[in-house]
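Engineer:
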Amino acid sequence: MRKIVKTSVHRKTGCPHCGYKVDHATSLQGKHTPAPGSVTVCIKCAGVSQYTETMDLASFDPALLDPEAADLVAKARKLILSRRPS
Ligand SMILES: [Zn+2]
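What the sequence shown shows, in the numbering used here, is residues 151 to 236, in sequence order.
Structure (structure tokens):
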């Protein structure tokens, strides 16, 4: 099965965990475009954040997610962390 992902460009903002400047988001759930309240995983540090009303990023506790979303976030974090240079 082919997965369809959508990458969106947005205003540059800093990851609250590592400071990495983020200006893209790639959805793992089809064609979702980030909006206030969307949860995201930093491509550099795998920190979990949530878009604010102004589309900045704020630290987010993944324990607050429903089980399906938590599983998706855990898979994304595992993938990112496995691709880090050692
Ligand atoms: Zn980060």
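The beta-carbon is built from N, C-alpha and C at its ideal position, and this holds for glycine as well.
Consider the C-beta atom of ALA196 and the heavy atoms of ligand 1; say whether any pair is separated by less than 8 Å.
Structural biologist: Locating residue 196 in the sequence shown gives position 46, counting from the first residue. Answer for ALA196: yes, Cβ within range of ligand 1.
Engineer: If you pair each beta-carbon of the region 195-211 with each one of the region 167-179, do three or more pairs fall below 8 Å?
Structural biologist: Yes, the region 195-211 is in contact with the region 167-179.
Engineer: With DSSP as the reference, label ALA196 as helix, strand or coil.
Structural biologist: Here residue 196 corresponds to residue number 46 of the sequence shown, with the count starting at 1. ALA196: coil per DSSP, three-state reduction.
Engineer: By the DSSP assignment, the alpha helix (DSSP H) with ALA224 in it spans what residues?
Structural biologist: One-based indexing of the sequence shown puts residue 224 at position 74. Element bounds for ALA224: 217-232.
Engineer: Write down the C-beta distance between CYS192 and VAL172 rounded to the nearest angstrom, noting that I regard them as a contact closer than 8 Å.
Structural biologist: As a first step, residue 192 is located in the sequence shown; it is residue number 42 there, counting from the start. As a first step, residue 172 is located in the sequence shown; it is residue number 22 there, counting from the start. Confirmed, Cβ separation roughly 7 Å.
Engineer: When you measure from the CB of GLY169 to every non-hydrogen atom of ligand 1, does any distance come out below 8 Å?
Structural biologist: For this step, residue 169 is matched to residue 19 along the sequence shown. GLY169: yes, Cβ under 8 Å from ligand 1.
Engineer: By alpha-carbon positions, which one of SER177, LEU178, ALA208, VAL189 ends up nearest to THR163?
Structural biologist: Indexing the sequence shown from 1 puts residue 163 at position 13. If we check each option's Cα against that of THR163, ALA208 comes out closest.
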